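Structure first, commentary second.
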Amino acid sequence: MKVKMLSRNPDTYVRETKLDLQKVPRNYDPTLHPFEVPREYVRALNATKLERVFAKPFLASLDGHRDGVNCLAKHPKSLATVLSGACDGEVKIWNLSQRKCIRTIQAHEGFVRGICTRFCGTSFFTTVYTGIDHHWKEPLFATCGQQVDIWDEQKTNPICSMTWGFDSISSVKFNPIETFLLGSCASDRNIVLYDMRQATPLKKVILDMRTNTICWNPMEAFIFTAANEDYNLYTFDMRALDTPVMVHMDHVSAVLDVDYSPTGKEFVSASFDKSIRIFPVARSQSREVYHTKRMQHVICVKWTSDNKYIMCGSDEMNIRLWKANASEKLGVLTSREKAAKDYNQKLKEKFQHYPHIKRISRHRHLPKSIYSQIQEQRIMKEARRRKEVNRLKHSKPGSVSIVSKKKKHIVAVVK
Amino acid sequence: METAPKLGRDVPPKKDKLQAKRKKPRRYWEEETAQSAAGASPGPPSNKKRNQELRPQRPKNTHILKKSRISKKLQVPKKPRERKNPESQRSLSGAQDPFPGPAPVPVDVVQKFCRIDKSKKLPRCRSKTRNRLKVAETEEEETSVTAARSELLLAEEPGFLEGEDGEDTAKILQADIVEAVDIASAAKHFDLNLRQFGPYRVNYSRTGRHLAFGGRRGHVAALDWVTKKLMCEINVMEAVRDIRFLHSEALLAVAQNRWLYIYDNQGIELHCIRRCDRVTRLEFLPFHFLLATASETGFLTYLDVSVGKIVAALNARAGRLDVMTQNPYNAVIHLGHSNGTVSLWSPAVKEPLVKILCHRGGVRAVAVDSTGTYMATSGLDHQLKIFDLRGTYQPLRARTLPQGAGHLAFSQRGLLAAGMGDVVNIWAGHGKASLPSLEQPYLTHRLSGPVHGLQFCPFEDVLGLGHSGGITSMLVPGSAEPNFDGLESNPYRSRKQRQEWEVKALLEKVPAELICLDPRALAEVDVISLEQKKKERIERLGYDPEAKTPFQPKPKQKGRSSTASLVKRKRKVMDKEHRDKVRQSLEQQQQQQEQQQQQQHKQEKAKPMRARPSALDRFVR
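Residue numbers (full-length UniProt numbering), protein chains in the order written: chain A, 1 to 415; chain B, 1 to 621.
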């Protein structure tokens with residue numbers, strides 16, 4: 001007879017002294033871990049609920065301006081430094097870590113309409129023209145008004161000026177990757193792209209309504225997003241302007257400003273409806289909406305270069321600092337915290353489409369004004385859609401063409 | 001065990017070759033090694049030929065997972081590296097890695113950890129989704145390989161009992177085993193002589209550390225059976241039908257004559273649950289925190305012990321219920337009925353999920369194994385049957401027992417114990433969680449009284465038996481899982497660890513609605529509601545947004561084939577299927593006609609055979 005009984009030595013499973021860590025032997029055999037999927041589901045549900053519990057995005061409000069904040073600029077070298085220009089011609093330099101104003105400069109008599117920093121971080125430019133942007137590598141900058149002017153820092157006259165028709169141009173932006181490319185938007189509803197090397201406009205696209213500003217994707221050179229008056233944002237591929245890549249619609253009033261995150265995966269938009277929203281580039285619905293009771297029409301917004309914070313300047317003279325990820329824990333994380341965070345993130349991703357989890361993660365509180373506006377616009381949209389369907393139903397087949405949502409707002413593309 | 005001797009056999013020829021090679025003129029690195037440690041490190045092979053000879057030996061000893069991407073990756077770049085510079089693999093010391101590349105992983109272990117069913121094809125979907133699924137699949141494969149590698153770290157080996165050449169293990173007595181094993185294991189065999197309080201029911205806690213038992217005459221006790229430390233002992237002065245630990249050893253549910261009571265480990269009565277009356281059997285679902293009770297009134301009641309609410313009370317409509325067990329794989333409750341059926345219940349559904357006719361005559365006992373694959377039943381017809389629970393519900397094994405088994409239990413490694421009168425038989429299969437063969441018992445044991453309850457102790461090679469003479473703890477080598485998971489159920493956990501585990505377990509309490517036959521169903525795509533959604537969307541929009549636009553001929557471009565001929569060619573291909581179908585149907589029609597004609601011929605031939613036409617011919621069709 002040969003016999004062996006299972007006989008464990010307790011010393012190998014129990015810690016020796018109280019100062020030791022507890023011993024935890026693992027066995028990953030699936031039969032010892034039953035109900036894997038339901039338990040993961042419950043964990044994902046808990047993680048989603050906790051995310052909503054800990055979603056406290058508002059960090060600070062920087063006050064000190066004596067008129068509405070009209071423009072913001074990031075410092076290219078220092079994360080903590082921010083510049084802001086107000087409607088009374090005052091420019092303030094802020095330190096975000098101390099949440100204090102470092103310097104105040106009376107720059108102009110009237111509005112500070114545009115502000116930008118030089119790539120080296122030593123100087124900044126403000127303008128009373130409608131917009132300004134600095135070249136990303138060379139000592140050049142562009143302003144816009146009746147035409148787009150490109151200036152050399154050392155010269156008093158513009159080195160070239162470009163126009164396409166007669167209209168007032170509201171903003172101009174350099175492409176951060178293909179640095180000789182410029183985009184501008186004008187009040188006659190068009191977006192024009194220029195090439196600095198040829199000193200000529202490339203092409204333009206005309207939309208239904210006026211575009212307020214555009215922002216280039218910092219990761220994909222050919223993608224830019226336009227903030228439009230018709231409550232929507234349009235992400236375009238520069239090579240095919242006739243169809244926007246995505247129409248982002250969640251705002252209930254004109255969109256005034258837009259800024260990309262440094263990863264190029266998301267962007268933030270500021271709107272006249274007193275809220276800011278964060279959109280993923282590939283999705284038409286926003287992932288997040290930020291609002292406070294006291295925040296009025298948001299005029300400018302910036303995503304900080306460390307991808308962690310968002311700043312917005314609004315009518316009521318304040319600059320507000322938000323977390324880009326509402327439920328993120330600030331400060332140093334321990335390795336266990338980090339592991340738990342990563343695990344929860346993966347679980348949330350895995351089960352994101354389950355109805356119960358989706359409902360919880362999508363739920364946002366909205367101020368009454370925005371909420372009622374959304375309801376109203378939903379009714380209007382439904383009516384329009386119904387009419388379209390009826391028209392399609394009762395007309396000769398083929399006579400009414402279905403125009404997709406994306407193409408609906410594009411009037412023409414001119415080259 | 002199997003690979004070790006083979007490896008040993010292969011090693012010596014390698015050494016011989018290396019010794020032969022050492023007679024050649026030495027390189028600078030060989031001199032160093034020879035002086036410092038003679039023969040310790042094998043020098044590098046001098047030419048490519050030898051290297052090639054050595055290499056193919058490796059796959060012979062151990063079967064490598066051929067599909068795994070890891071092993072493939074590493075095999076491919078080896079060749080070009082050697083061609084460029086044959087000395088690149090050698091280190092400065094001259095030592096060469098005798099087992100280059102990742103360690104081979106046995107296929108069957110990887111299979112155990114594989115969660116994706118590869119026999120199923122990927123569904124037809126967009127390329128983006130398809131790519132994502134493919135990536136997930138490869139990730140899954142890699143994780144299963146890593147998990148299989150971690151198997152190496154498991155500390156304990158399962159127990160076994162083997163007879164020497166033809167000796168029947170069933171004839172080995174407990175006393176012999178106790179004599180043969182070490183003292184610590186021998187101490188696990190004990191008898192409690194409690195004749196006074198009648199037949200006992202026993203229950204081990206989930207960690208296998210604690211034992212609770214309740215006698216018919218009201219004796220209830222709980223103890224740490226390893227150290228033999230008594231936790232509590234009370235007499236409830238009422239008949240005890242069943243006893244069960246809740247999620248931890250601190251709580252104890254006792255089904256008494258009238259109502260259900262919950263005691264703590266001091267023996268203090270915490271709750272008296274009057275909603276559950278005349279309970280005969282108890283089952284605790286640890287991941288759902290549900291206490292399932294079967295009553296004389298024919299109700300199956302689920303009590304959520306974390307919030308103290310009754311989740312569902314199901315009327316089985318089959319009279320008195322006194323045979324119940326749970327399926328540990330999917331938390332479905334199995335009820336045995338007096339008409340020979342076993343019904344499967346979930347609290348989410350009012351009707352039984354499945355009804356299986358198992359026996360002629362009533363069902364006496366039911367047990368389900370830990371993987372949820374097999375169900376053993378015994379009935380009044382003295383039959384013992386093992387059913388397949390993987391969808392077919394067919395009997396796999398059956399045998400008649402002289403007395404018929406009154407109590408059944410499966411162990412963690414798939415041993416089946418049956419209590420028949422005062423005899424206990426245990427059957428074993430080959431390997432872990434395999435189907436036990438019912439011919440020859442693995443072990444038998446005779447008790448001092450008829451068996452009233454039995455359960456295998458988790459993580460210990462012990463079978464607990466409650467009988468009219470008291471409690472017996474019987475040694476069954478090879479019954480338990482040797483390696484426990486410290487985060488799931490740890491027999492050696494401290495109080496702090498138990499408290500932390502309790503909080504975690506309560507946080508991830510699985511809702512009762514999720515109990516169904518396939519616990520992985522939650523992770524699968526709900527195709528039906530998806531189709532329904534699609535349909536509704538098309539109705540709402542008035543057109544199908546995902547429909548493909550019909551083919552539009554392009555305006556003619558430069559080149560040989562005109563668009564017209566292109567269209568024609570495409571149409572031809574499109575029509576080909578249609579034509580094939582028409583052709584087939586025509587052939588079928590012809591065949592049918594021929595058959596009919598033949599039949600008519602036969603009938604015409606058959607008619608004249610009869611002498612006279614009958615009057616009933618009119619009704620022939």
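Just so you know, even glycine gets a beta-carbon here, dropped at the ideal spot from N, CA and C. On a predicted model such as this, the values are computed, not experimentally measured, just so you know.
Since Arg-390 (chain B) is in the beta strand (DSSP E), which residue starts that stretch and which ends it?
Looking up residue 390 (chain B) in the second sequence gives position 390. Careful: Arg-390 (chain B) lies outside any beta strand (DSSP E) and carries neither H nor E.
In chain order, what residues of the same chain have a beta carbon less than 8 Å from the beta carbon of Asp-422 (chain B), not counting five sequence neighbours either side?
Along the second sequence, one-based indexing puts residue 422 (chain B) at 422. Once the five neighbours on either side are set aside, the close Cβ partners of Asp-422 (chain B) are Arg-446, Leu-447, Ser-448, Gly-449, Pro-450, Val-451 and His-467.
Where does Ser-479 (chain B) land, buried or exposed, given buried means 16+ other C-beta within 10 angstroms?
Here residue 479 (chain B) refers to the residue found at position 479 when the second sequence is read from its first residue. By the neighbour-count rule (16 or more Cβ atoms within 10 Å), Ser-479 (chain B) is buried.
Touch check for the region 98-115 of chain A and the region 155-164 of chain A: three-plus C-beta pairs under 8 Å?
The region 98-115 of chain A vs the region 155-164 of chain A: no contact.
Rounded to the nearest angstrom, what separates residue 625 (chain B) and Arg-115 (chain B) at their Cα positions?
With chain B covering only 1 through 621, there is no way to say anything about residue 625 (chain B).
CA-CA distance, Val-202 (chain B) and Asn-425 (chain B)?
Taking the second sequence and counting its residues from 1, the one referred to as residue 202 (chain B) is at position 202. Taking the second sequence and counting its residues from 1, the one referred to as residue 425 (chain B) is at position 425. Straight-line Cα distance between these residues: approximately 18 Å.
Test item: CB-CB of Lys-246 (chain B) and Phe-287 (chain B) under 7 Å
As a position in the second sequence, residue 246 (chain B) is number 246, starting the count at 1. As a position in the second sequence, residue 287 (chain B) is number 287, starting the count at 1. Rather than Lys, the amino acid found at residue 246 (chain B) in this sequence is Leu. The Cβ-Cβ distance between Leu-246 (chain B) and Phe-287 (chain B) does not fall below 7 Å.
From the beta carbon of Leu-96 (chain A), is the nearest beta carbon of chain B less than 7 Å away?
Taking the first residue of the first sequence as position 1, residue 96 (chain A) is located at position 96. No, because no Cβ of chain B sits closer than 7 Å to the Cβ of Leu-96 (chain A).
At what residue ranges does the region 13-96 of chain A contain a whole run of the beta strand (DSSP E), taking only runs of 3 or more?
The DSSP assignment places 58-63, 69-74, 81-86 and 90-95 as complete runs of the beta strand (DSSP E) inside the region 13-96 of chain A, in order along the chain (cut-off: 3 residues).
Whose Cβ in chain B lies nearer than 7 Å to the Cβ of Met-1 (chain A)?
Against the first sequence, residue 1 (chain A) aligns to sequence position 1. What Met-1 (chain A) touches in chain B: Gly-163, Glu-164, Glu-167, Ile-172, Asp-176 and Ala-180.
Cβ-based neighbour list, Leu-6 (chain A), same chain, cut-off 6 Å, excluding 5 preceding and 5 following:
Counted from its first residue, the first sequence places residue 6 (chain A) at position 6. Around Leu-6 (chain A): no qualifying Cβ.
Contact set for Leu-194 (chain B): own chain, Cβ-Cβ below 6 Å, skip 5 residues either direction:
The residue you call residue 194 (chain B) lines up with position 194 of the second sequence. In chain order, Gly-470 place their CB closer than 6 Å to the CB of Leu-194 (chain B), counting only its own chain and leaving out the 5 sequence neighbours on each side.
I'd like the list of long-range same chain contacts for Cys-312 (chain A), defined as Cβ closer than 6 Å, with 5 residues on each side in sequence excluded.
Counted from its first residue, the first sequence places residue 312 (chain A) at position 312. Beyond the five residues adjoining it in sequence on each side, Cys-312 (chain A) comes within less than 6 Å, by CB distance, of Ala-270, Ile-276, Val-298, Val-301 and Arg-320 in the same chain, given in chain order.
Residue ranges of each beta strand (DSSP E) run of no fewer than 3 residues wholly in the region 311-376 of chain B, ordered along the chain?
Listed in chain order, they are 323-326, 333-336, 341-345, 354-357 and 363-368.
Give me, in chain order, the residues of the same chain whose beta-carbon lies closer than 7 Å to that of Met-420 (chain B); leave out the 5 immediate sequence neighbours on both sides.
Start at 1 with the first residue of the second sequence, and residue 420 (chain B) comes out as number 420. Once the five neighbours on either side are set aside, the close Cβ partners of Met-420 (chain B) are Leu-401, Gln-403, Gly-404, Ala-405 and Gly-406.
Less than 7 Å separating the beta-carbons of Val-413 (chain A) and Val-205 (chain A)?
By one-based count along the first sequence, residue 413 (chain A) stands at place 413. By one-based count along the first sequence, residue 205 (chain A) stands at place 205. Between Val-413 (chain A) and Val-205 (chain A), the CB-CB gap stays under 7 Å.
I'd like to know if Val-361 (chain A) contacts chain B, where contact means its C-beta is closer than 7 Å to some C-beta of that chain.
To locate residue 361 (chain A), count along the first sequence from 1; it is residue 361. The sequence as given places Ser at residue 361 (chain A); Val does not occur at that position. No, Ser-361 (chain A) does not count as interfacial toward chain B.
Using 7 Å as the threshold, is the C-beta distance between Tyr-204 (chain B) and Gln-455 (chain B) below it?
Position 204 of the second sequence, counted from the start, is the residue given in the question as residue 204 (chain B). Position 455 of the second sequence, counted from the start, is the residue given in the question as residue 455 (chain B). Pairing Tyr-204 (chain B) with Gln-455 (chain B) gives a Cβ-Cβ distance under 7 Å.
Just confirm the distance between the C-beta atoms of Ala-250 (chain B) and Tyr-442 (chain B), as a whole number of angstroms; I'd bet it's less than 8 Å.
Here residue 250 (chain B) is taken as the residue at index 250 of the second sequence, counted from 1. Here residue 442 (chain B) is taken as the residue at index 442 of the second sequence, counted from 1. Between Tyr-442 (chain B) and Ala-250 (chain B) the Cβ distance is about 35 Å, and since that is not below 8 Å, they are no contact.
Can you pull the chain B residues whose beta carbon is under 9 Å from the beta carbon of Gln-345 (chain A), in chain order?
As a working note, residue 345 (chain A) is residue 345 in the first sequence. Residues of chain B with a Cβ closer than 9 Å to the Cβ of Gln-345 (chain A) do not exist, since the nearest Cβ in that chain sits about 16 Å away.
In chain B, what lies closer than 8 Å to Asp-195 (chain A) by C-beta?
Stepping through the first sequence from its first residue, residue 195 (chain A) is reached at position 195. Ordered by position in chain B, no residue passes the 8 Å Cβ test against Asp-195 (chain A), which lies about 31 Å from the chain.
Leaving out five residues before and five after Ala-398 (chain B) in sequence, what residues of the same chain have Cβ atoms less than 8 Å from its Cβ?
As a position in the second sequence, residue 398 (chain B) is number 398, starting the count at 1. Around Ala-398 (chain B): Gln-383, Leu-384, Lys-385, Ile-386 and Leu-438.
Is the beta carbon of Asp-369 (chain B) less than 7 Å from the beta carbon of Gly-414 (chain B)?
Walking along the second sequence from the start, residue 369 (chain B) turns up at place 369. Walking along the second sequence from the start, residue 414 (chain B) turns up at place 414. A distance below 7 Å separates the beta carbons of Asp-369 (chain B) and Gly-414 (chain B).
Residues of chain A with CB closer than 8 Å to the CB of Tyr-204 (chain B), please, in chain order.
Walking along the second sequence from the start, residue 204 (chain B) turns up at place 204. Going along chain A, no residue has its Cβ under 8 Å from Tyr-204 (chain B), so there is no contact; the nearest lies around 15 Å.
Considering only their Cβ atoms, is the gap separating Val-112 (chain A) from Gly-89 (chain A) smaller than 7 Å?
Locating residue 89 (chain A) in the first sequence gives position 89, counting from the first residue. Locating residue 112 (chain A) in the first sequence gives position 112, counting from the first residue. Yes. Within cutoff.
Compute the distance between the beta-carbons of Ala-226 (chain A) and Pro-57 (chain A), then report whether it is under 7 Å.
Here residue 226 (chain A) is taken as the residue at index 226 of the first sequence, counted from 1. Here residue 57 (chain A) is taken as the residue at index 57 of the first sequence, counted from 1. Not a contact, by the Cβ cut-off of 7 Å.
Along the region 6-33 of chain A, what residues have a CB closer than 9 Å to any CB found in chain B?
Answer in chain order: Leu-6, Ser-7, Arg-8, Asn-9, Pro-10, Thr-12, Tyr-13, Val-14, Arg-15, Gln-22, Lys-23, Val-24, Pro-25, Arg-26, Asn-27, Tyr-28, Asp-29, Pro-30, Thr-31, Leu-32 and His-33.
With three or more beta-carbon pairs closer than 8 Å as the criterion, would you say the region 365-374 of chain A touches the region 205-221 of chain A?
Result no; under three Cβ-Cβ pairs closer than 8 Å.
For Trp-303 (chain A), name the three-state secondary structure that DSSP assigns.
Counting from one through the first sequence, the residue named residue 303 (chain A) turns up at place 303. Here Trp-303 (chain A) sits in strand by DSSP.
Please name the residue, chosen from B:Ile-183, B:Asp-168, B:Leu-541 and B:Leu-321, that lies closest to Gly-292 (chain B) on a Cα-to-Cα basis.
Taking the second sequence and counting its residues from 1, one reaches residue 292 (chain B) at position 292. Here residue 292 (chain B) turns out to be Ala, not Gly, going by the sequence shown. Per the Cα distances, B:Leu-321.
Since Ile-402 (chain A) meets chain B, which of its residues come closer than 8 Å, beta carbon to beta carbon?
Walking along the first sequence from the start, residue 402 (chain A) turns up at place 402. Within 8 Å of the CB of Ile-402 (chain A), the CB atoms of chain B belong to Tyr-543, in sequence order along the chain.
As an exercise, report each continuous alpha helix (DSSP H) stretch of at least 4 residues that is fully enclosed by the region 222-306 of chain B, in chain order.
Within the region 222-306 of chain B, no complete alpha helix (DSSP H) segment of 4 residues or longer occurs.
I want to verify the contact list: residues of chain B whose CB lies under 9 Å from the CB of Val-389 (chain A), in sequence order.
One-based indexing of the first sequence puts residue 389 (chain A) at position 389. The contacting residues are Arg-540, Leu-541, Gly-542 and Tyr-543.
Taking a contact to mean a Cβ-Cβ separation below 7 Å, would you say His-359 (chain B) touches Asp-381 (chain B) in this structure?
Residue mapping note: residue 359 (chain B) aligns to position 359 of the second sequence, counting from 1. Residue mapping note: residue 381 (chain B) aligns to position 381 of the second sequence, counting from 1. Yes, these two residues count as a Cβ contact at 7 Å.
Boundaries (first-last residue) of the alpha helix (DSSP H) holding His-452 (chain B):
Counting from one through the second sequence, the residue named residue 452 (chain B) turns up at place 452. No alpha helix (DSSP H) holds His-452 (chain B); the beta strand (DSSP E) holding it covers 451-456.
Exposed or buried, which one is Ser-168 (chain A) when buried takes at least 16 other CB atoms within 10 Å?
Taking the first residue of the first sequence as position 1, residue 168 (chain A) is located at position 168. Its Cβ having fewer than 16 others within 10 Å, Ser-168 (chain A) is exposed.
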